[in-house]
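Numbering of the first sequence is given in our numbering, commencing with residue 454 and proceeding in unit increments. C-beta atoms are modelled at their ideal positions from N, C-alpha and C, and glycine is treated no differently. Note that this is a predicted model, so its numbers are computed, not measured. Comments concern the structure below.
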Amino acid sequence: MNVLNFPAIQSDFYLQDTVTVAKRLIGQVLLHESPYGVIAGRIVETEAYVTGDPANHASRGMTRRNSAMFGPPGRAYVYMIHTRWCLNAVTQPEGVGEAVLIRALEPILGLDIMAELRKKTNPRDFCSGPGKLTQAMAISGEHNHADLTSGTIRILEFEEVDNIIQTTRVGIKHAADRPLRFYSREDAKWVSKR
DNA sequence: AGAGCGATGGCCT
DNA sequence: GGCCATCGCTCTA
Numbered sequence: 454m455n456v457l458n459f460p461a462i463q464s465d466f467y468l469q470d471t472v473t474v475a476k477r478l479i480g481q482v483l484l485h486e487s488p489y490g491v492i493a494g495r496i497v498e499t500e501a502y503v504t505g506d507p508a509n510h511a512s513r514g515m516t517r518r519n520s521a522m523f524g525p526p527g528r529a530y531v532y533m534i535h536t537r538w539c540l541n542a543v544t545q546p547e548g549v550g551e552a553v554l555i556r557a558l559e560p561i562l563g564l565d566i567m568a569e570l571r572k573k574t575n576p577r578d579f580c581s582g583p584g585k586l587t588q589a590m591a592i593s594g595e596h597n598h599a600d601l602t603s604g605t606i607r608i609l610e611f612e613e614v615d616n617i618i619q620t621t622r623v624g625i626k627h628a629a630d631r632p633l634r635f636y637s638r639e640d641a642k643w644v645s646k647r
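Shown next as structure tokens:
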């Protein structure tokens, strides 16, 4: 199988309820045709950030940093936290600030590139966290607003995952009790722990 | 498993 | 100028 032939998920998908998008992104493939070569991983962990949610960057209105969240669906919202980049897929129509944070991947393509970028040898250290996977996938601030439905960074239709665990989100202060984190039970070994 | 800490940029006062 | 964050690493046990 050649992932490059898989169809990219189109913007209608990202117009579904953000929680639904977060669940259904599990099992799909994040691809980057990067300057280093083709890199890809299967999404195994996500979090939803919705309207009225104090943990959502968009909850206090639009700023320059979070503007991508208010843009069209299917774009990337990439921001920096504590020296690391994090990748979100923007959901909902333009003007609504919601997104899904991609938290972990199962590496599937370009493992040698990931090893080099991450300076790690164990594949479990490549993409088991939001800041790790952007480094492994060569994604950074320059990719903010990038179109994930076509272009060099895409999310591809791959498979549906049934056994999805729903728990609380990681590393947030506000609304920490809301169960808006999702991960694939079968792929728990690739998931971020903290 | 759990605590401590480095580190950068955005945003508000 | 200061606060704080969708984090990762290392050290201890």
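Proximity winner among the options, relative to residue i (alpha-carbon distances)
{"i": "ASN455", "options": "ALA475, VAL482, LYS476, ILE462", "result": "VAL482"}
{"i": "CYS580", "options": "SER603, VAL623, CYS539", "result": "CYS539"}
{"i": "TYR502", "options": "ILE625, ALA641, LYS642", "result": "ILE625"}
{"i": "ALA629", "options": "ARG495, ALA508, PRO546", "result": "ALA508"}
{"i": "LEU554", "options": "GLY548, ARG528, ILE561, GLU547", "result": "ARG528"}
{"i": "HIS627", "options": "GLN469, SER512, PHE459, GLY584", "result": "SER512"}
{"i": "LEU562", "options": "ARG477, PRO488, ARG495", "result": "ARG495"}
{"i": "ARG517", "options": "ASP506, GLY550, THR536, PRO488", "result": "GLY550"}
Bridge partner(s) assigned by DSSP for residue i
{"i": "CYS539", "result": "TYR532"}
{"i": "ILE492", "result": "HIS485"}
{"i": "VAL553", "result": "ALA501, ALA542"}
{"i": "ILE606", "result": "HIS485"}
{"i": "TYR636", "result": "GLU498, ILE618"}
Within 8 Å, strictly: CB atoms of residue i and residue j
{"i": "VAL491", "j": "ALA557", "result": "no"}
{"i": "GLY524", "j": "VAL543", "result": "yes"}
{"i": "ARG577", "j": "GLN588", "result": "no"}
{"i": "PRO526", "j": "SER464", "result": "yes"}
{"i": "ARG631", "j": "THR621", "result": "yes"}
{"i": "ALA568", "j": "MET522", "result": "no"}
{"i": "ALA531", "j": "ASN597", "result": "Looking at the sequence itself, residue 531 is Val, so the reference to Ala does not match. Yes, these two residues count as a Cβ contact at 8 Å."}
{"i": "PHE611", "j": "LYS476", "result": "no"}
Buried or exposed (CB count within 10 angstroms, at least 16 for buried), residue i
{"i": "ILE479", "result": "buried"}
{"i": "LEU586", "result": "buried"}
{"i": "LEU633", "result": "buried"}
{"i": "ARG638", "result": "exposed"}
{"i": "ILE534", "result": "exposed"}
{"i": "ARG647", "result": "With a pLDDT of only 45 at ARG647, under 50, the local geometry of the prediction cannot be trusted, and the value read off the model is given with reservation. Under this definition ARG647 is an exposed residue."}
{"i": "SER471", "result": "In the sequence under discussion, the amino acid at residue 471 is Thr, which differs from the Ser named in the question. Buried, since its Cβ has 16 or more Cβ neighbours within 10 Å."}
{"i": "LEU457", "result": "exposed"}
Assumed close pair residue i, residue j - CB separation to whole angstroms, cut-off 8 Å
{"i": "ILE606", "j": "ILE592", "result": "7 Å"}
{"i": "ALA493", "j": "SER603", "result": "About 16 Å separates the two Cβ atoms, so there is no contact after all."}
{"i": "ILE566", "j": "TYR467", "result": "The pair is not a contact, with the Cβ atoms about 27 Å apart (cut-off 8 Å)."}
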